[in-house]
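Shown next, in structure tokens, is the structure this report addresses.
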Amino acid sequence: MKSLLIIQVIIMAGCIIPQADKYEIRRIRMVETQIRNRGVTNPEVLNAMKEVPRHLFIPDEYLDEAYNDYPLPIGYGQTISQPFIVAYMTEAVRPTGKKRVLEIGTGSGYQAAVLAEIVDRVYTIEIVPELAKESAERLKSLGYDNIICKYGDGYQGWEEYAPFDIIVVTAAPEKIPKPLIDQLAEGGRLVIPVGAAGAVQELVLVTKRNGKTETRRLSFVRFVPFRRL
Ligand code: SAH
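Residue numbers (our numbering): -1 to 227.
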């Protein structure tokens, strides 16, 4: 009986270990081919993308596609962004240890986790109550205790913890919400897709210097629409 149990444990271990390796290998390949090859160079961003287990942020039915070069559905009509876009936006806001970050559109929690690998604290808001709950639980179970989640409409930002050194918005409004600009710290960086739903959207970088904002267009993108409660 005892030896049977041991054999069983060995068989189980045999199943689990290659599985873990499989995703890690895919993740490293994703970083090299989809991200570094396309010009993302910040070592902390590349490292964060290697660390966060993206396959644990998506529904089981897409497990095999977790490290592919496209967005995936996460339910409720929402998506987890393409890995390159996550890395590109993260690099654009120049994350470093001491920074305080606000994310609008928690979704699966993946972008928040990537940021939380680098910065001190991430505050994130999600408007779909089910997603807000699921992602908060997921991030907690993965040990991300520097991410603070909230259900609500991110249009108003999060006054209580403002100002933020970095703001990342992962749903596209037609115009940049003014409260987000107000809550950006001096020297801060805000990255946001802007444009009508279904139309061409532009990823925009807003920086604040001496109280004035400067806007730079980065690239054309397609994000889910920014909703209001
Ligand atoms: N960052 C997410 C991407 C999710 S897609 C990830 O890594 O998985 C964008 C998300 O923004 C969706 O979950 C959508 O419900 C949410 N969203 C849209 N409008 C919002 C708003 N006004 N406030 C907060 N979240 C919003």
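We put the CB at the ideal spot given by N, CA and C, even for glycine.
Everything numeric in this text was worked out from a predicted model, so none of it was measured.
The C-alpha of R24 lies about 26 angstroms from the C-alpha of L129. Cβ-Cβ distances below 7 angstroms link I33 to L44, M47, P81, F82, A85 in the same chain, with the five nearest sequence neighbours on each side left out; the list follows chain order. For D180, the uninterrupted alpha helix (DSSP H) run begins and ends at 176 to 180, by DSSP. Shown here for R214: same chain residues with a beta carbon closer than 6 angstroms to its own, the five before and five after excluded, namely L203 in chain order. In this model, A160 and G152 are separated by some 13 angstroms (Cα to Cα). Take the alpha-carbon of P51 and the one of V112: they are about 10 angstroms apart. Between ligand 1 and the CB of E124, the shortest heavy atom gap is smaller than 7 angstroms.
In the assembly as shown, K97 is a buried residue. Its beta-carbon has 16 or more other beta-carbons within 10 Å.
For G105 and R207, the gap between their C-alpha atoms comes out near 30 angstroms. Here the C-alpha atom of P175 lies approximately 14 angstroms from the C-alpha atom of L100. Every alpha helix (DSSP H) of 4 residues or more that sits fully in the region 26 to 79 is shown, in chain order, as 41 to 49.
According to the DSSP assignment, S217 belongs to the beta strand (DSSP E) that extends over 210 to 219. Ligand 1 has a heavy atom closer than 7 angstroms to the beta-carbon of I102. For P57, the closest of Y108, T88, R220 by C-alpha to C-alpha distance is Y108.
Taking the Cβ of I78 as the reference point, at least one heavy atom of ligand 1 falls within a distance shorter than 7 angstroms. Residue pairing by DSSP places Y149 opposite E124 in a beta bridge.
C-alpha of T168 to C-alpha of Y60: approximately 21 angstroms in a straight line. Under DSSP, the beta-bridge partners assigned to A170 are P223. In summary, E172 is exposed, with fewer than 16 beta-carbon neighbours lying within 10 Å of its beta-carbon over all protein chains present.
Distance from the C-beta of D151 to the nearest heavy atom of ligand 1 is below 7 angstroms.
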